[in-house]
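A.B. asks: Going down the list, the sequences are from chains P and S. For the first sequence, the working numbering assigns the number 208 to the last residue and increments by one with no breaks. For the second sequence, the working numbering assigns the number 1097 to the last residue and increments by one with no breaks. Ideal Cβ placement from N, Cα and C applies to all residues, glycine included.
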Amino acid sequence: MSYERGAIEKSGEQRDQTGAKYGMWFFLFTEILFFGGMFILYSVFRAKYTQDFHLAAGEENLLLGSLNTAVLLTSSLSIALSISALKKENYRLSVQLQTATVLMGLIFLVIKYFEWTAKISKGIYPDSPVLLKMSAGQILFFGLYYVMTGLHGLHVLIGIVVISFMIYFTKTGNVTSGNFSKLENTGLYWHFVDIVWIYLFPLFYLIT
Amino acid sequence: MQGETEKSDHIVPYGTYVNVWIALMLLLAATIAVAKVEFSKYSVFANLLIASLKAGLVLFFFMHLKYEKWVLKAMLFMVIATLTAVIALFFADVMFR
C-alpha cells in the first residue's frame, strides 16, 4: 500500500489523485507562460508609451472593474469551500457552493459585457475608425485590453461550463469525498483564472 | 483506510478560507485606495506588490500550495523564475537596442 496513492474506494478501484493533481498543475504552468507572454507585451509597450497608456486607461470604468474583482475573489472562496464541503461529505452544501461559483462567474461575464459594449458604443474596438485616429500607444493599449480580457473571459466561460459538469457529477455521485480529483482540479483552474484577473485589474484599471 | 490519505488531502477548515477571503477583500480595498491617491512611480510598484500578495494568498491557501510537497513548490518556482528571466531579457533587449 503506497503512501502516494489516493484513497482506494470500496469498489477496489485505484486512483492516483496525486498524479491527477500534478497533471493539472503542469497544465497551469503552460497557462502561466501563455498569459505571461501577453503580460510581457503589455509591460514593454507600457514602458515605451507611458503617456498614451496613461491616457487610454482613463477610459476604464474603475467601479465595474473593482466590482468584478470582488465577484471573482468571492467565487474563488465558494469553489474552495465546495471542496472542503465535498471532503466532509456534505454534498448538498458542496453543490450549493458550486452553483454559487457558476452564478458569480456569470455575473463577472455580464459586467464584462457592459464594459465592452460601453467601449464599442464609443467606437473603441479593434480596427475602428475612432481607434485608428488615436496614437500608437493608445491603439496598443486597447488592443491588449481586448485580447487579454477577452482571453481571460474565455477562460471564465470554460470554467463555468466545467463547474456546471461538476455540479452534475456531484449530484450523480461521480464526484465524492473519496473521488474528488475532478472537482479539486476544477478548483485549481478557477483559482488560476482568478490570479490572472488579480494582475489584469491593476494593469488596466488602476495604474492609470 | 485513514492512513491512505496523504498530507495534501487533508480538509482545510471553512474558517481558514473565509479568513483568506477577508484578507483578499482588504487588499482589494487597499489597492484601490493606493490608485486613488496621487499617481506616482511608487503607486505602480505598490499596486503590483498588492496584486502579488493577493496572488500569493490564492496560491498558498485556495490552491493548497501551503500543504503540497516541496517538489511542486520547486516546479512552480522554476516556471515563475523562467517567466521573470524572459521578462528581464526582453526589457534588456528593448532598452539597449
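Would you decide whether P:Gly-105 is buried or exposed? Buried here means 16 or more other CB atoms lie within 10 Å of its CB.
C.D. replies: Taking the first sequence and counting its residues from 1, one reaches residue 105 of chain P at position 105. P:Gly-105 should be labelled buried.
A.B. asks: What is the residue span of the alpha helix (DSSP H) that P:Leu-157 lies within?
C.D. replies: Within the first sequence, residue 157 of chain P is the residue found at index 157, counting from 1. 136 to 171 is the span of the alpha helix (DSSP H), which, as asked, contains P:Leu-157.
A.B. asks: For S:Leu-1065 and S:Lys-1073, which I take to be in contact (beta-carbon distance under 8 Å), what is that distance rounded to the nearest angstrom?
C.D. replies: Reading the second sequence from its first residue, position 65 is the one you call residue 1065 of chain S. Reading the second sequence from its first residue, position 73 is the one you call residue 1073 of chain S. Sure, about 6 Å apart at Cβ, within 8 Å.
A.B. asks: Taking only beta-carbon positions, decide if S:Lys-1054 is within less than 9 Å of chain A.
C.D. replies: Absent from the structure is chain A; the protein chains it does hold are P and S.
A.B. asks: Taking Cβ-Cβ distances below 8 Å as the criterion, which residues of the region 161 to 191 of chain P are in contact with chain S?
C.D. replies: Within the region 161 to 191 of chain P, the qualifying residues are Gly-187, Leu-188, His-191.
A.B. asks: Only counting runs of 4 or more residues, tell me where the alpha helix (DSSP H) segments fall wholly within the region 34 to 89 of chain P, in order along the chain.
C.D. replies: Taking only runs of at least 4 residues, the alpha helix (DSSP H) segments lying wholly in the region 34 to 89 of chain P are 50 to 57, 62 to 87.
A.B. asks: How close, in whole Å, do the beta carbons of P:Ala-85 and P:Ser-94 come, if the pair is a contact with beta carbons under 8 Å?
C.D. replies: The residue you call residue 85 of chain P lines up with position 85 of the first sequence. The residue you call residue 94 of chain P lines up with position 94 of the first sequence. Contact flag correct, Cβ pair sits at about 4 Å.
A.B. asks: Can you tell which of S:Gly-1056, S:Ile-1032, S:Met-1078 has its C-alpha closest to the C-alpha of P:Asp-194?
C.D. replies: As a first step, residue 194 of chain P must be located in the first sequence, where it is residue number 194. The candidate whose alpha carbon is nearest that of P:Asp-194 is S:Gly-1056.
A.B. asks: Got a sec: is the Cβ-Cβ distance from P:Lys-122 to anything in chain S below 9 Å?
C.D. replies: Position 122 of the first sequence, counted from the first residue, corresponds to residue 122 of chain P. Chain S contact via Cβ: absent.
A.B. asks: Between P:Lys-112 and P:Gly-153, which are expected to be in contact by the criterion C-beta below 8 Å, what is the C-beta distance as a whole number of angstroms?
C.D. replies: To locate residue 112 of chain P, count along the first sequence from 1; it is residue 112. To locate residue 153 of chain P, count along the first sequence from 1; it is residue 153. The Cβ separation is near 5 Å, so the contact holds.
A.B. asks: If you drop the 5 nearest sequence neighbours on each side, which residues of the same chain put their C-beta closer than 8 Å to that of S:Phe-1062?
C.D. replies: Residue 1062 of chain S sits at position 62 when you count from the first residue of the second sequence. If we look at S:Phe-1062 and ignore the five residues flanking it on each side, its Cβ neighbours are Tyr-1017, Val-1020.
A.B. asks: Buried or exposed: S:Ile-1011, going by 16 or more other Cβ atoms within 10 Å of its Cβ?
C.D. replies: Stepping through the second sequence from its first residue, residue 1011 of chain S is reached at position 11. With fewer than 16 other Cβ atoms within 10 Å, it is exposed.
A.B. asks: Report yes if the C-beta distance between S:Leu-1059 and S:Leu-1076 is below 9 Å; otherwise report no.
C.D. replies: Looking up residue 1059 of chain S in the second sequence gives position 59. Looking up residue 1076 of chain S in the second sequence gives position 76. Cβ atoms of S:Leu-1059 and S:Leu-1076: closer than 9 Å.
A.B. asks: What in chain P is Cβ-close to S:Leu-1048, meaning under 7 Å?
C.D. replies: Start at 1 with the first residue of the second sequence, and residue 1048 of chain S comes out as number 48. Here the neighbours are Pro-202.
A.B. asks: List the whole-angstrom C-beta distance separating P:Pro-129 from P:Gly-123, where the pair is believed to meet the contact cut-off of C-beta under 8 Å.
C.D. replies: Taking the first sequence and counting its residues from 1, the one referred to as residue 129 of chain P is at position 129. Taking the first sequence and counting its residues from 1, the one referred to as residue 123 of chain P is at position 123. Rounded, the Cβ-Cβ distance is 7 Å, consistent with contact.
A.B. asks: Would you kindly check if the distance between the Cβ of P:Leu-62 and the Cβ of P:Tyr-205 is under 9 Å?
C.D. replies: Residue mapping note: residue 205 of chain P aligns to position 205 of the first sequence, counting from 1. Residue mapping note: residue 62 of chain P aligns to position 62 of the first sequence, counting from 1. Yes, they are a contact pair.
A.B. asks: Looking at C-beta atoms only, is the number of pairs between the region 17 to 35 of chain P and the region 174 to 186 of chain P that lie closer than 8 Å three or more?
C.D. replies: They touch, by the three-pair rule.
A.B. asks: Pop quiz: P:Val-147 and P:Phe-108 are said to be a contact at Cβ under 8 Å. What is the actual Cβ separation, rounded to whole angstroms?
C.D. replies: For the purposes of this step, residue 147 of chain P is taken as residue 147 along the first sequence, with counting starting at 1. For the purposes of this step, residue 108 of chain P is taken as residue 108 along the first sequence, with counting starting at 1. So it is not a contact: roughly 18 Å between Cβ atoms.
A.B. asks: Consult DSSP for P:Asn-179 and reduce its assignment to one of helix, strand or coil.
C.D. replies: Taking the first residue of the first sequence as 1, we reach residue 179 of chain P at position 179. Strand.
A.B. asks: By Cβ distance, which residues of its chain are closer than 7 Å to P:Leu-240, with the 5 residues on each side in sequence left out?
C.D. replies: No answer is possible for residue 240 of chain P: the residues shown for chain P start at 1 and end at 208.
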